[in-house]
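Take 31 as the starting number for the sequence shown in the working numbering and just add one per residue. Presented below is the structure to which this report refers.
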Amino acid sequence: MFKKFPPHTPLILGLGSGVALFTLTSLFLFHPKILAWLDRNSASLPSQDPNQPSAVVDSASLPQTERDVKLRDVADANAPSLDRSRARYLLAMDLLRKYEGGPALKQLEGLEKQYPVLAPQILLKQGRAHELTNDSEKAQEIWQKLLETYPQSPVVAEAYYSLGKYDPSYHEKLLKEYPRHPRTLALIRQRLQENPDQFPLWLQLAKANPFDPTLNQARDRLVKDYANQLTPADWAMIGAGYWQSGLYEKAYKAYAKATPSPEQAYRYARGLQIAKKLPEARSAYQKLIKTYPQASETGLGLLRLAQISPNRDAIAYLDRIVKQFPDRAPEALEAKAKLLDSTNAQAASQTWQTLLNKYPKSDEAADYRWLIAQRAAKSGDYAKAWQWAQPIAVNNPDSQIAPKAAFWVGKWAQKLGKNQEAKQAFTYTISRHPHSYYAWRSAVLLGWDVGDFTTVRSYNPTTVKPATRNDTPAGSEAFKELYRIGEDTDAWNLFQAEIVDPWNLTVDEQFNLGVYKLSRNQNLEGINLIWRLRERDTPEEREAWKVLRQNDKYWHALFPFPYYDSILQWSKDRQLNPLLVTALIRQESRFEKEIRSPVGAVGLMQIMPDTGKYIAGNTGNKSYSLTNPEDNIMMGTWYLDYTHGKFAGNSLFAVASYNAGPGAVSKWRQRFDFSDHDEFVENIPFRETKGYIESVFGNYWNYLQIYNPEIQEQMKRVANPS
31 MFKKFPPHTP LILGLGSGVA LFTLTSLFLF HPKILAWLDR NSASLPSQDP
81 NQPSAVVDSA SLPQTERDVK LRDVADANAP SLDRSRARYL LAMDLLRKYE
131 GGPALKQLEG LEKQYPVLAP QILLKQGRAH ELTNDSEKAQ EIWQKLLETY
181 PQSPVVAEAY YSLGKYDPSY HEKLLKEYPR HPRTLALIRQ RLQENPDQFP
231 LWLQLAKANP FDPTLNQARD RLVKDYANQL TPADWAMIGA GYWQSGLYEK
281 AYKAYAKATP SPEQAYRYAR GLQIAKKLPE ARSAYQKLIK TYPQASETGL
331 GLLRLAQISP NRDAIAYLDR IVKQFPDRAP EALEAKAKLL DSTNAQAASQ
381 TWQTLLNKYP KSDEAADYRW LIAQRAAKSG DYAKAWQWAQ PIAVNNPDSQ
431 IAPKAAFWVG KWAQKLGKNQ EAKQAFTYTI SRHPHSYYAW RSAVLLGWDV
481 GDFTTVRSYN PTTVKPATRN DTPAGSEAFK ELYRIGEDTD AWNLFQAEIV
531 DPWNLTVDEQ FNLGVYKLSR NQNLEGINLI WRLRERDTPE EREAWKVLRQ
581 NDKYWHALFP FPYYDSILQW SKDRQLNPLL VTALIRQESR FEKEIRSPVG
631 AVGLMQIMPD TGKYIAGNTG NKSYSLTNPE DNIMMGTWYL DYTHGKFAGN
681 SLFAVASYNA GPGAVSKWRQ RFDFSDHDEF VENIPFRETK GYIESVFGNY
731 WNYLQIYNPE IQEQMKRVAN PS
């Protein structure tokens, strides 16, 4: 399950928090073949640990021409080994990609016995090799052997697809037995292209995968041309697909015809609210409350209804939440207190006090404490600010405000002359919130060599990328082995076939899916999928997420390093810190080379077309494309160098200028004291720019601790003090 968050950010397009994932378990039965295959294939590789250092795995990511000699040396070894089997398989795959069936067969011959973890795949490739030698009968014989020997393997779907070229009945088996397999979806698309008027195929396509935005085309077609054939369950599925993609208007219209349920009723009402159809939304929320008075969705519905109701009615709804839905009581008390602030200060104060007394560990209590602390600090009462903020670290260590509060407890302690307490607060911030922007600020104030606002531009940290891929937490050993040796297409086709219910992914499956998106350079989707794991809210899922966070693979995926060579080169040419450039790109575009903002900014570093022309005029680059990564990084680093030049190399002002423009930053410098950079950031009147600064430098800090060995070791010492 997921937390229900108030924003209605689209799943695919948003750069921040996306909408929650929801379940449609009633739509899919667990496929017995897949379950049996996963049980059977969960055993470890025989005799050798597949995660041990491997010359073949190290060579897997090299271009075919570079790795060929290395692989042949290993493949020609006399003694059998896991690496020899890997080398033979990879050589065969390279040959098949060049349509050289005969030589590929020599590498594949008998390999299924020596490399059992990939035995089904090897038989599949043997069949393909025979096909390339024009021996289609032998190819079909091998594929039939695969069906007989490994009937529970998802690779059977690949065999069905290949056999279907000779006997169409196998394609029908593929459609029936593996309805969501990538080969099945390709076959469906092919058939729909030939004859679009096939309702069952459009329906099967729409059900297949909630993470593929192209499937909204299938949902659109069903709504437009086959509405009278859709069942209420179909409408629920269509609504959920739209909801998943952030298409809320389409979603609520589908939910209007869906199978009644608390979720259906809530989403219908919420969709109307987002569409600003407020009278209809109020009516829909009232129906939800009346029909499902005890459902958890009703608690959220009451909260939403209060937002669009007159104050008197809103307070009644909020009181009902406090009484009936204790898990949402802190939210209701906060909302009630804010309503009362302008009309009844005494009642508001009593409500805030109730929140602090009854729900001291809630995020809402932390937010209120922080509000009072900020007010006290602005009035110069740092002792009061310190006293109000300090309990947040104890009561609310996992709240969103906790890293900021912990850091400012240290800053205010400094102002009060409590230097030892300040040091303790900064150390606590790093150890308890190591991946936050405020951990970086704390490290700076503790004297760490990590680059400050005035020095980070010229700071040139060592960066070390992993030599080999991190292992993945979910999937069969066959999938993990294919991924390990770099056979990505086959690996991810297998993984997608192994997913039992794509509408209800486990934590590890969602992480894997994010890694898959990253491997396809679909970086925005990949990063968002991994980031949204924090939205899981059942105890089991939260624990799985926390375990995953302890592994380097999680952080490498959340902070990937695409375009590594180009970033290093242009950063060097502009005398910029490459990790700062990478951090800015992650914030601007999530490494999507063709992304366009609503205002027209283009590419990795979000260059406006007019700015591109200006930069081109200054660099003499007459031929360029803002969607070309090399050109975009060249121009973006030029502009970042330019903004640094405007402010004497100060990266705080340079990065702020990248977002808000040098003119706005110059005005803020005139308006606010900037002798204390942290206080200057707090005073920035543009919420977007303030958040942008924290995001970019927070990204920088994460790239530094993930890819710099020295900071890695320093972080370990903080986490495990001797």
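Glycine included, C-beta positions come from ideal geometry on N, C-alpha and C. Every value quoted in this text rests on a predicted model; they were computed, and no experiment measured them.
### Query
Considering only residues of the same chain and omitting the five flanking positions on each side of residue 373, which have a CB-CB separation below 8 Å?
341
### Message
I'd like the list of long-range same chain contacts for residue 239, defined as Cβ closer than 7 Å, with 5 residues on each side in sequence excluded.
### Response
210, 245, 532
### Query
Cα separation between residue 440 and residue 346?
41 Å
### Task
List the whole-angstrom C-beta distance separating residue 314 from residue 299, where the pair is believed to meet the contact cut-off of C-beta under 8 Å.
4 Å
### Message
Need the endpoints of the alpha helix (DSSP H) that residue 131 sits in, please.
### Response
131-138
### Status (buried if at least 16 other CB within 10 Å, exposed otherwise) for residue 618
buried
### Query
What residues in its chain sit with their C-beta under 8 Å from that of residue 443, if we drop five residues either side in the sequence?
416, 449, 451, 452, 455
### Query
Taking C-alpha atoms, which residue in 611, 530, 151, 641 lies nearest to residue 733?
611
### For residue 632, three-class secondary structure by DSSP
strand
### Message
Beta-carbon within less than 6 Å of residue 305's beta-carbon, same chain only, minus the 5 sequence neighbours each way: which residues are those?
### Response
279
#### Entry: Cα-Cα separation, residue 173 to residue 499
31 Å
### Task
Could you tell me if the beta carbon of residue 650 falls within a distance shorter than 6 Å of some heavy atom in the ligand GTP?
The ligand GTP is absent from the structure shown, which contains no ligands of any kind.
### Query
Hey, would you say residue 284 sits closer than 7 Å to residue 269, going by beta carbons?
yes
### As assigned by DSSP and simplified to three states, the class of residue 97
helix
### Task
Let me know the secondary structure DSSP gives residue 625 once reduced to three states.
coil
### Query
What's the gap between the Cα of residue 193 and the Cα of residue 180?
16 Å
### Query
Can you pull the DSSP bridge partners for residue 637?
632
### Message
Tell me which residues share the same chain as residue 218 and place their Cβ nearer than 8 Å to its Cβ, disregarding the 5 neighbours each side in the sequence.
### Response
205, 231, 234, 235
### residue 639 versus residue 633: straight-line alpha-carbon distance, rounded
10 Å
### Task
Flag this pair as yes or no: are the beta carbons of residue 129 and residue 162 separated by less than 7 Å?
yes
### Query
Can you check whether the CB of residue 281 is closer than 7 Å to the CB of residue 266?
no
### Task
Tell whether a beta-carbon distance below 7 Å holds between residue 559 and residue 540.
yes
#### Entry: For residue 189, the three-state DSSP class (helix, strand or coil)
helix
### residue 224, DSSP secondary structure in three states
helix
### Task
Locate the alpha helix (DSSP H) running through residue 496, then write down its first and last residues.
Where residue 496 is concerned, there is no enclosing alpha helix (DSSP H), given that its DSSP letter is neither H nor E.
### Query
At what residue ranges does the stretch 193-224 contain a whole run of the alpha helix (DSSP H), taking only runs of 4 or more?
199-207, 212-224
### Query
Within this structure, are the beta carbons of residue 437 and residue 458 separated by less than 7 Å?
no
### Message
Once the 5 residues before and after residue 97 are set aside, which same chain residues still bring their CB inside 6 Å of it?
### Response
89
### Query
Where does residue 99 land, buried or exposed, given buried means 16+ other C-beta within 10 angstroms?
exposed
### Query
Rounded to a whole number of angstroms, what is the C-alpha to C-alpha distance between residue 199 and residue 183?
19 Å
### Query
Do the stretch 148-167 and the stretch 129-139 touch if we need at least three Cβ pairs shorter than 8 Å?
yes
### Query
Assuming residue 754 and residue 296 make a contact with CB atoms under 8 Å, what is their CB distance in whole Å?
A query on residue 754 cannot be resolved here, the shown segment of the chain reaching from 31 to 752 and no further.
### Query
When the Cα atoms are used, what is the spatial distance from residue 69 to residue 148?
Any reading at residue 69 needs caution, since the residue's pLDDT is 47, under 50, leaving its predicted position unreliable; the model's value is listed next. Approximately 15 Å, taken between the alpha carbons.
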